[in-house]
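Chains as they are written, first to last, in the working numbering: chain A, 2 to 306; chain B, 9 to 301.
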């Protein structure tokens with residue numbers, strides 16, 4: 002499925018390094034290649050392997066040898082379970098919205114409306130916006146004396162404190178909208194790339210046989226998009242676990258997320274051990290997702306082309 | 009003669025020849041709906057950026073008014089100036105640029121050779137290596153940052169630009185390698201072999217022929233690295249205390265800062281995104297489409 006990946010654009014981009022044998026045989030040269038990749042292996046081992054080992058030791062470390070005390074402190078913290086709940090709720094609600102929206106945006110772009118390149122540019126901008134900046138951007142909208150309440154006031158309606166501690170639904174809604182705004186672009190770009198690799202003939206053929214838009218979408222386009230959608234889904238899920246600054250910027254501590262809790266334990270409470278324990282939880286969840294990612298990838302590349 | 013008959017015939021069929029105009033009308037309606045949908049999404053994407061620009065370019069006084077004005081009626085650089093003069097902001101800006109540039113350079117120095125190897129050689133361990141790269145991309149920053157802070161404290165690197173550069177390079181390297189590999193795959197091997205036949209050494213062939221052809225793609229990868237570094241806030245906040253990058257500085261003073269400060273900070277963080285995406289927009293689908301897996 003990865004074969005016709007190069008978009009129709011003029012760029013001489015070629016499909017990714019796929020399974021052996023698809024391209025003409027590569028040059029043999031074990032020693033040269035190893036020399037070229039050695040620096041990266043050394044660097045990654047030092048900066049991934051070393052901290053990971055010491056992070057695990059730290060999470061189980063205490064004044065007297067190995068202990069699980071850090072984990073029980075982590076679990077007993079009143080913010081812990083609400084941060085887990087918030088993170089999961091955010092992911093479960095956000096990801097379907099993002100995928101539907103991104104798919105709609107990609108299909109709109111593919112229909113080539115007038116000014117589509119300008120649309121593509123504007124829709125892709127949030128791709129380069131950090132979650133902290135996204136939180137601050139939406140703070141101008143949702144803060145008590147912000148633009149949304151200004152709009153309500155000029156319409157003669159009563160202002161609402163959207164980000165108030167006791168108004169959970171609207172607080173969640175604000176974080177959700179900010180995250181949908183920021184991170185849909187990533188899915189959008191991946192889906193646009195996926196759509197470019199699907200020849201138009203399939204859909205046209207389906208159209209000739211009388212399939213309407215929805216059945217073309219459901220039976221032709223979506224199945225062909227599956228690899229892109231899977232990639233985007235898993236990538237987006239892993240990244241969604243790391244969201245925290247958007248909630249900090251919008252609500253302060255009122256809407257805790259797991260990674261935000263790590264930050265709080267490390268900087269606020271100055272307890273690196275519990276922070277490491279939390280980080281391990283995030284890692285475990287991400288690993289499970291990553292293994293799913295790699296497994297799906299393998300299925301994909303072993304499927305007959 | 010025939011002329012006359014046809015005109016007569018058409019005159020006889022006065023009530024318009026039965027051309028079905030419905031498909032045409034439907035097509036036109038679809039075009040309009042398409043534009044409406046595009047404009048709605050564009051509003052959702054662009055309006056918040058407009059609003060934060062508006063807020064950052066308003067004076068403190070007009071930010072305290074309520075309701076706020078939606079049109080830029082009193083443009084002022086006061087808010088931005090106050091923000092830039094706050095403690096740690098200018099230093100944070102300089103640190104951010106330094107970290108971004110050094111990260112970019114370091115990840116290119118380490119990543120471009122590796123990407124070339126992945127693209128051109130069938131070496132043993134190539135597939136495990138690629139799996140390893142994919143795996144490292146899935147690791148959350150937070151897992152690395154906390155232990156790295158301890159390690160850097162022990163080695164004296166803590167609270168330095170170099171510490172953040174090392175972390176950001178580790179984060180950017182897998183992507184850099186995968187992107188450059190796909191860029192090098194796009195450079196035809198024949199060109200390189202031709203250069204060899206005409207007497208270039210492998211290194212010369214790479215530097216004089218392959219690299220120039222790969223520069224646009226590598227530039228896109230570098231912008232991507234810089235954006236990642238510019239945006240990364242968690243690791244930078246954990247690894248530094250005084251040598252904050254801009255986002256880390258904004259984050260750490262978030263709780264006790266006035267709204268105007270936060271708006272100005274948000275605006276300053278967003279502006280580069282507008283520029284980066286403008287330069288990268290043609291490469292985006294290539295980068296995310298073909299190299300992500």
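Glycine is no exception: its CB is placed at the ideal position from the N, C-alpha and C atoms.
Notebook entry, point to check: Are there 16 or more other CB atoms within 10 angstroms of the CB of residue 201 of chain B, so buried, or fewer, so exposed?
Noted result: Numbered from 1 along the second chain, position 193 holds the residue referred to as residue 201 of chain B. Looking at its Cβ environment, which holds fewer than 16 other Cβ atoms inside 10 Å, residue 201 of chain B is exposed.
Checklist line | Beta-carbon neighbours of residue 76 of chain A, restricted to chain B and to distances below 9 Å | finding: Walking along the first chain from the start, residue 76 of chain A turns up at place 75. Neighbours of residue 76 of chain A on chain B: none; closest Cβ ~18 Å, over 9 Å.
Notebook entry, point to check: Taking all protein chains shown into account, do 16 or more other C-beta atoms lie within 10 angstroms of the C-beta of residue 133 of chain A, making it buried, or fewer, making it exposed?
Noted result: By 1-based counting over the first chain, the position of residue 133 of chain A is 132. Label assigned to residue 133 of chain A: buried.
Notebook entry, point to check: Is residue 111 of chain A close to chain B, meaning its C-beta is less than 8 Å from at least one C-beta of that chain?
Noted result: The residue labelled residue 111 of chain A in the question sits at position 110 within the first chain. Answer no: the Cβ-Cβ gap between residue 111 of chain A and chain B never drops below 8 Å.
Notebook entry, point to check: Can a CB atom of chain A be found closer than 8 Å to the CB of residue 63 of chain B?
Noted result: Taking the second chain and counting its residues from 1, one reaches residue 63 of chain B at position 55. Closer than 8 Å: yes.
Item checked: residue 207 of chain B, DSSP secondary structure in three states -> Looking up residue 207 of chain B in the second chain gives position 199. Three-state DSSP puts residue 207 of chain B in coil, outside helix and strand.
Checklist line | Nonlocal neighbours in the same chain, by C-beta distance under 7 Å from residue 99 of chain A, ignoring five residues either side | finding: The residue given as residue 99 of chain A occupies position 98 in the first chain. Contacts found: 181, 184, 185, 188, 237.
Note to self: Strictly below 7 Å CB to CB, what residues from chain A border residue 258 of chain B?
What the structure shows: Sequence index remark: in the second chain, residue 258 of chain B carries index 250 (1-based). Within chain A, the residues near residue 258 of chain B are 133.
Next item on the list: Compare the beta carbon distance of residue 241 of chain A and residue 136 of chain A with 8 Å and say whether it is the shorter of the two.
Entry: Position 240 of the first chain, counted from the first residue, corresponds to residue 241 of chain A. Position 135 of the first chain, counted from the first residue, corresponds to residue 136 of chain A. For residue 241 of chain A and residue 136 of chain A, no; Cβs fall outside 8 Å.
Next item on the list: Under the assumption that residue 100 of chain B contacts residue 254 of chain B (Cβ atoms under 8 Å), give the Cβ distance between them as a whole number of angstroms.
Entry: Translated into the one-based positions of the second chain, residue 100 of chain B becomes position 92. Translated into the one-based positions of the second chain, residue 254 of chain B becomes position 246. Right, the Cβ-Cβ distance comes to about 4 Å (below 8 Å), so this counts as a contact.
Notebook entry, point to check: Nearest to residue 239 of chain A by CA position, among A:40, A:287, A:209, is which residue?
Noted result: Residue 239 of chain A sits at position 238 when you count from the first residue of the first chain. Taking only the C-alpha atoms, the option nearest residue 239 of chain A is A:287.
Check: Can you tell me the Cα-Cα spacing of residue 222 of chain B and residue 195 of chain B, whole angstroms?
Finding: Walking along the second chain from the start, residue 222 of chain B turns up at place 214. Walking along the second chain from the start, residue 195 of chain B turns up at place 187. Answer to the nearest angstrom: the Cα atoms are 7 Å apart.
Notebook entry, point to check: Tell me which same chain residues have a C-beta within less than 6 Å of the C-beta of residue 114 of chain A, skipping the five on either side of it?
Noted result: Within the first chain, the letter at position 113 stands for residue 114 of chain A. None.
Next item on the list: Just the chain A side, please: which residues come within less than 9 Å of residue 88 of chain B by C-beta, in chain order?
Entry: Sequence index remark: in the second chain, residue 88 of chain B carries index 80 (1-based). Here the premise fails: no neighbours, minimum Cβ distance about 14 Å.
Notebook entry, point to check: Excluding sequence positions up to five away, which residues of its chain have a Cβ less than 7 Å from the Cβ of residue 285 of chain B?
Noted result: For this step, residue 285 of chain B is matched to residue 277 along the second chain. Correct list: empty, nothing qualifies.
Notebook entry, point to check: residue 243 of chain B CB to nearest chain A CB: under 8 Å?
Noted result: Sequence index remark: in the second chain, residue 243 of chain B carries index 235 (1-based). Judged by the 8 Å Cβ criterion, residue 243 of chain B is not in contact with chain A.
Margin query: Could you compute how far the alpha carbon of residue 121 of chain A sits from the alpha carbon of residue 102 of chain A?
Written below: As a first step, residue 121 of chain A must be located in the first chain, where it is residue number 120. As a first step, residue 102 of chain A must be located in the first chain, where it is residue number 101. Looking at the two C-alpha atoms, the distance is approximately 14 Å.
Notebook entry, point to check: Can you check whether the CB of residue 262 of chain A is closer than 8 Å to the CB of residue 44 of chain A?
Noted result: The residue given as residue 44 of chain A occupies position 43 in the first chain. The residue given as residue 262 of chain A occupies position 261 in the first chain. No.
Check: residue 239 of chain B CB to nearest chain A CB: under 8 Å?
Finding: As a working mapping, residue 239 of chain B is identified with position 231 in the second chain. Yes, residue 239 of chain B lies at the interface with chain A (some Cβ there is under 8 Å from its Cβ).
Notebook entry, point to check: How about the stretch 64-79 of chain B and the stretch 213-229 of chain B: do they share at least three Cβ pairs that are nearer than 8 Å?
Noted result: no
Check: Between which two residues does the alpha helix (DSSP H) harbouring residue 176 of chain B extend?
Finding: As a working mapping, residue 176 of chain B is identified with position 168 in the second chain. Residue 176 of chain B -> alpha helix (DSSP H) spans 169-193.
Item checked: Distance CB(residue 94 of chain B)-CB(residue 67 of chain B) smaller than 8 Å -> Here residue 94 of chain B is taken as the residue at index 86 of the second chain, counted from 1. Here residue 67 of chain B is taken as the residue at index 59 of the second chain, counted from 1. No.
Check: Going by the CB atoms, is the gap between residue 237 of chain B and residue 180 of chain B shorter than 8 Å?
Finding: Taking the second chain and counting its residues from 1, one reaches residue 180 of chain B at position 172. Taking the second chain and counting its residues from 1, one reaches residue 237 of chain B at position 229. Contact: yes.
Next item on the list: Determine, using beta carbons only, whether residue 145 of chain B and residue 182 of chain B come nearer to each other than 8 Å.
Entry: Indexing the second chain from 1 puts residue 145 of chain B at position 137. Indexing the second chain from 1 puts residue 182 of chain B at position 174. Contact: yes.
Check: Do residue 141 of chain B and residue 178 of chain B come within 8 Å of each other at the CB atom, strictly closer than that value?
Finding: In the second chain, residue 178 of chain B corresponds to position 170, counting from 1. In the second chain, residue 141 of chain B corresponds to position 133, counting from 1. No, the Cβ-Cβ distance between residue 178 of chain B and residue 141 of chain B is not below 8 Å.
Next item on the list: Determine the chain A residues that contact residue 54 of chain B at a beta-carbon separation under 7 Å, and present them in chain order.
Entry: Locating residue 54 of chain B in the second chain gives position 46, counting from the first residue. Correct list: 123.
Check: Going along chain A, which residues have a C-beta under 7 Å from residue 45 of chain B?
Finding: Position 37 of the second chain, counting from 1, holds the residue named residue 45 of chain B. Within 7 Å Cβ-Cβ: 109.
Next item on the list: Please classify residue 262 of chain B: does DSSP put it in a helix, a strand, or coil?
Entry: On the second chain, residue 262 of chain B is found 254 positions in, with the first residue counted as 1. Three-state DSSP puts residue 262 of chain B in coil, outside helix and strand.
Next item on the list: Assign residue 210 of chain A to one of three DSSP states: helix, strand, or coil.
Entry: The residue given as residue 210 of chain A occupies position 209 in the first chain. If DSSP states are grouped into helix, strand and coil, residue 210 of chain A belongs with coil.
Next item on the list: State whether the stretch 150-168 of chain A contacts the stretch 204-217 of chain A, with contact taken as three or more CB pairs (one from each stretch) at a distance under 8 Å.
Entry: no
Margin query: Give me the residue from B:143, B:287, B:44 with the minimum Cα distance to residue 289 of chain A.
Written below: Along the first chain, read from residue 1 onward, the residue named residue 289 of chain A stands at position 288. That would be B:143, whose Cα lies nearest to the Cα of residue 289 of chain A.
Checklist line | the stretch 184-193 of chain B / the stretch 115-131 of chain B touching (three or more Cβ pairs under 8 Å) | finding: yes
Item checked: Interface positions of the stretch 148-175 of chain A facing chain B (Cβ-Cβ less than 9 Å), listed along the chain -> 148, 150, 151, 152, 153, 154, 155, 160
Check: Helix, strand or coil: how does DSSP classify residue 104 of chain B here?
Finding: Position 96 of the second chain, counted from the first residue, corresponds to residue 104 of chain B. Looking at residue 104 of chain B - three-state DSSP - the assignment turns out to be helix.
Notebook entry, point to check: If the cut is a Cβ gap below 9 Å, which residues of chain A does residue 4 of chain B touch?
Noted result: Within the shown structure, residues of chain B are numbered from 9 to 301, placing residue 4 of chain B beyond reach of any answer.
Notebook entry, point to check: Apart from the five residues just before and just after residue 114 of chain B, which ones in its own chain have a Cβ nearer than 6 Å to its Cβ?
Noted result: The count along the second chain starts at 1 and reaches residue 114 of chain B at position 106. Cβ neighbours of residue 114 of chain B beyond the five flanking positions: 177.
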